[in-house]
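Student: Read in numbering that gives the first Met the number 0, the sequence shown has 95 at position 96, and its numbers run on one by one without any break.
Structure provided below as structure tokens; questions to follow.
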Amino acid sequence: MTMKERVNSFSNPYFNSLIEKYTDRKESPESFGMSRAIMSYLNTNDYGISKLTVDDMPFLQDMDGFMEAIEAAGITEFNLCDNSTGLMESLHYLMAHGWLISGTCEVEFSHITTRKGLCMKKA
């Protein structure tokens, strides 16, 4: 299955164009942060989730590239279901860059796995 074929439950033209661009050219994305954003997009589709869901935020040094890709895609809301030790740093970064916690969520990743998280929204 190709990366493009994995897109089914949540389609975004910007991310689709990145997948086509980097797959066709056999190049790596411009930054590791962008790569992580593409991975989150593909994982969202692999799990059949209808809203972008991030279950593994990048390290702080890669957050600029990650969020640039998210915002370039026009995404203004996403589920944050990360439970890593760096979560607090990620939340501080997001809030310093105009993102708010708009509520809580429970996201079903499979018929046996549901993760709790936060709904993030661009202010």
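Virtual Cβ for every residue (Gly too), placed ideally from N, Cα, C.
Please classify G97 as buried or exposed, where buried requires at least 16 other C-beta atoms within 10 Å of its C-beta.
Tutor: The residue given as residue 97 occupies position 98 in the sequence shown. G97 should be labelled exposed.
Student: In this structure, does DSSP put L17 in helix, strand or coil?
Tutor: By 1-based counting over the sequence shown, the position of residue 17 is 18. In the structure shown, L17 sits in a helix (DSSP, three-state: H, G or I).
Student: Going by the DSSP bridge assignment, what does E4 pair with across the sheet?
Tutor: On the sequence shown, position 5 is the one that residue 4 refers to. DSSP output for E4 lists no bridge partner at all.
Student: Leaving out the 5 sequence neighbours to the left and right, which residues in its chain are closer than 6 Å to S30 when beta-carbon positions are compared?
Tutor: Position 31 of the sequence shown holds residue 30. So the list reads G64, once near-sequence residues are dropped.
Student: Classify E105 as helix, strand or coil using the three-state DSSP reduction.
Tutor: As a first step, residue 105 is located in the sequence shown; it is residue number 106 there, counting from the start. Here E105 sits in strand by DSSP.
Student: Buried or exposed for L93, please, with buried defined as at least 16 other CB atoms from any protein chain shown within 10 angstroms of its CB.
Tutor: Numbered from its first residue, the sequence shown carries residue 93 at position 94. That one is buried.
Student: Check whether the segment 78-85 touches the segment 48-62, counting contact only when three or more Cβ pairs, one atom from each stretch, lie closer than 8 Å.
Tutor: Output reads yes: the segment 48-62 touches the segment 78-85.
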